[in-house]
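*Asks:* Counting in this note's numbering, the final residue of the sequence shown is number 467, and the numbers go up one at a time with none missing.
The beta carbon of each residue, even a glycine, is placed where N, CA and C say it ideally should be.
Note that the structure is predicted; figures quoted are calculated from it, not measured.
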Amino acid sequence: MFGFLRLKSCGLTPGDRLLYRAHFCAVCHAMAEFGGRWTSLLTNYDVTFWLILQSALESEDPPEVERASCTALPPRRVRVQPLSPRARRALAALNLVLVDSKLEDDEVDGEAWKAGLARRALKSPTGRARQTLEELGFPLAALTGLSARQNALESRGERCLESLAEPSASAMGEVFAFIATLCRRPEHEPALRCLGGSLGRYLYLWDALCDREADLRKGRFNALGGVYDPACLRRVLQRLLSEVGQVLDSLPLRDRAPIARQLLGSLRSRLSRELPGPELWPCVPGRRSTAGENVRTTDCDCNDCSGCDCGGCEGCGGDGCNLGECCGCGGGDERKCGCSCCDCCDCCDCCCWVDLSRRPRPRSRLREFFQCFGRSSPAPWHQPKPWHCLCCDSANEEGSTVCKACGASRPPGG
54 MFGFLRLKSC GLTPGDRLLY RAHFCAVCHA MAEFGGRWTS LLTNYDVTFW LILQSALESE
114 DPPEVERASC TALPPRRVRV QPLSPRARRA LAALNLVLVD SKLEDDEVDG EAWKAGLARR
174 ALKSPTGRAR QTLEELGFPL AALTGLSARQ NALESRGERC LESLAEPSAS AMGEVFAFIA
234 TLCRRPEHEP ALRCLGGSLG RYLYLWDALC DREADLRKGR FNALGGVYDP ACLRRVLQRL
294 LSEVGQVLDS LPLRDRAPIA RQLLGSLRSR LSRELPGPEL WPCVPGRRST AGENVRTTDC
354 DCNDCSGCDC GGCEGCGGDG CNLGECCGCG GGDERKCGCS CCDCCDCCDC CCWVDLSRRP
414 RPRSRLREFF QCFGRSSPAP WHQPKPWHCL CCDSANEEGS TVCKACGASR PPGG
């Protein structure tokens, strides 16, 4: 499951992008210091996210980014986030044990010779990593027995997704709860454990979704099996991401918060592309100004839910699907990257509070001709036809786009 926590940097400001890169380079330097320069090749985005949370909670005033020689190209100077010796040891040791657990799982999945060769090469630093984690108070059994617990569930034919994802959830819960122990912030341990549990369940199901076709072709076990409901799986994954977002909002991440939110938006974006939701109508800026005081960001006209199944329209990091506030894409600032809002958040396929007055409408030559004389319709004798609101069944004037009684938007074609 390595590599799934990589975020899109297009939605970050230049300062946040440099800060994220500094944490990535800090992982690389910590690995080289603990296990030798060649172990820096194990640097990954997953443990970088862990480090971002750890550095945010360790001190209310984190040290400034420093410049240091690159581990791969020593003449090159890179920005590195300074870490305490204790944090560097814990970070490198945890990463090595996680990599070993991943390789152990690969051995079971049929890649015995490659995974076995890598485990033998990492045997010495991994042994020191286990010893280091035990000294720091990490419950090592949560990771060392992960593959065995997972295989026991799969071998007895367990089909409940919640049960199948539990080993990964408990292991990730311990990994993130360890941040509270490392930073001596016990008050954040329940929230971090909840964050790790939800993230572990999500990553297990996401990994099963990505490997489903290959597993079925090779006859290997897959949690999703031969038949699964994409809509149901999408709701489960979105619920887990919503839980992750709620925990991130509750933690005092300060200047690291935009990076954490961007990662969550990247996960939602990939989920939306892999499992598209119901297509309603495109969301455009101006939604709130049209809906007025009656706007409710969790309302949705998806028939099977009472609110957006992505956890609310505010889940993309702004106040909803607003191109200027979602992630900077399409905005007029330095974060503009040329991509559309729907590339960076997943709520644009289910939001109902949109400004229909700003939707592009096809223009006919006859309509343009009458507009030259100040008329908006080619038929002066046309009688206005009211439309009825789907929410309260109130009658409204033809030209209006919002219900005068409840504030709901006029549906397309309504």
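To which residues does DSSP link Ala121 through a beta bridge?
*Replies:* Note: Ala121 sits in a beta bridge opposite Val131.
*Asks:* State whether the region 120-138 contacts the region 171-188, with contact taken as three or more CB pairs (one from each stretch) at a distance under 8 Å.
*Replies:* They do not touch, by the three-pair rule.
*Asks:* Would you kindly check if the distance between the Cβ of Thr101 and the Cβ of Val118 is under 9 Å?
*Replies:* Result no, Cβ atoms of Val118 and Thr101 do not sit closer than 9 Å.
*Asks:* So, with DSSP's three-state summary, where would you put Asn449?
*Replies:* Three-state result, Asn449: strand.
*Asks:* Just verifying my parser: in three-state terms, what is the DSSP assignment at Val80?
*Replies:* Three-state DSSP puts Val80 in a helix.
*Asks:* With a cut-off of 8 Å on the beta carbons, I'd call Leu317 and Leu293 a contact; round off their distance for me.
*Replies:* So it is not a contact: roughly 11 Å between Cβ atoms.
*Asks:* Between Asp114 and Glu266, what straight-line distance do the alpha-carbon atoms span, to the nearest angstrom?
*Replies:* Rounded to whole angstroms, Asp114 to Glu266 spans 47 Å at the Cα level.
*Asks:* According to DSSP, is Ser462 part of a helix, a strand, or is it coil?
*Replies:* The answer is strand: DSSP assigns Ser462 an E or B state.
*Asks:* With a cut-off of 8 Å on the beta carbons, I'd call Leu277 and Leu262 a contact; round off their distance for me.
*Replies:* About 6 Å separates the two Cβ atoms, so the contact holds.
*Asks:* Roughly how many whole angstroms lie between the Cα atoms of Cys444 and Glu296?
*Replies:* Cys444 and Glu296: Cα-Cα distance of roughly 29 Å.
*Asks:* Tell me Trp440's beta-bridge partners as DSSP assigns them.
*Replies:* DSSP output for Trp440 lists Asn449 as bridge partner(s).
*Asks:* Do Tyr255 and Leu320 have their C-beta atoms closer together than 9 Å?
*Replies:* Going by C-beta atoms, Tyr255 is nearer than 9 Å to Leu320.
*Asks:* Rounded to whole angstroms, what is the Cα-Cα separation between Cys380 and Lys176?
*Replies:* Low per-residue confidence applies at Cys380: pLDDT is 39, beneath 50, and the placement is therefore not dependable, though the value from the model is reported in the following sentence. Approximately 43 Å between the Cα atoms of the pair.
*Asks:* Going by DSSP, which residues form a beta bridge with Val25?
*Replies:* Not covered by the structure: residue 25. The range shown for the chain is 54 to 467.
*Asks:* My output table needs one value for Val152: the three-state DSSP class, helix, strand or coil.
*Replies:* Helix at Val152.
*Asks:* Keeping to the same chain, check which residues put their C-beta closer than 7 Å to that of Asp162; ignore five residues upstream and five downstream.
*Replies:* Cβ within range, chain order: Arg273.
*Asks:* How big is the Cα-Cα spacing for Cys361 and Ser325?
*Replies:* Residue placement at Cys361 is poorly supported in this model, since its pLDDT is 40, which falls under 50; the coordinates still yield a value, given next. Roughly 13 Å between the two C-alpha positions.
*Asks:* Among the residues of its own chain, which have a CB less than 6 Å from the CB of Lys61, if the five just before and after it don't count?
*Replies:* Ser319.
*Asks:* For Val228, does the three-state DSSP call read helix, strand or coil?
*Replies:* Reduced to three states, the DSSP call for Val228 is helix.
*Asks:* So for Val280, helix, strand or coil by DSSP?
*Replies:* Of the three classes helix, strand and coil, the one that applies to Val280 here is coil, per DSSP.
*Asks:* Which stretch, first to last residue, makes up the alpha helix (DSSP H) that contains Ala168?
*Replies:* Looking at the DSSP string, the run of the alpha helix (DSSP H) that includes Ala168 is 165-174.
*Asks:* Rounded to the nearest angstrom, how far is the Cβ of Leu248 from that of Ala233, given a contact under 8 Å?
*Replies:* Leu248 to Ala233, Cβ: 11 Å. No contact.
*Asks:* Within this structure, are the beta carbons of Thr454 and Ser447 separated by less than 9 Å?
*Replies:* Contact flag unset, no.
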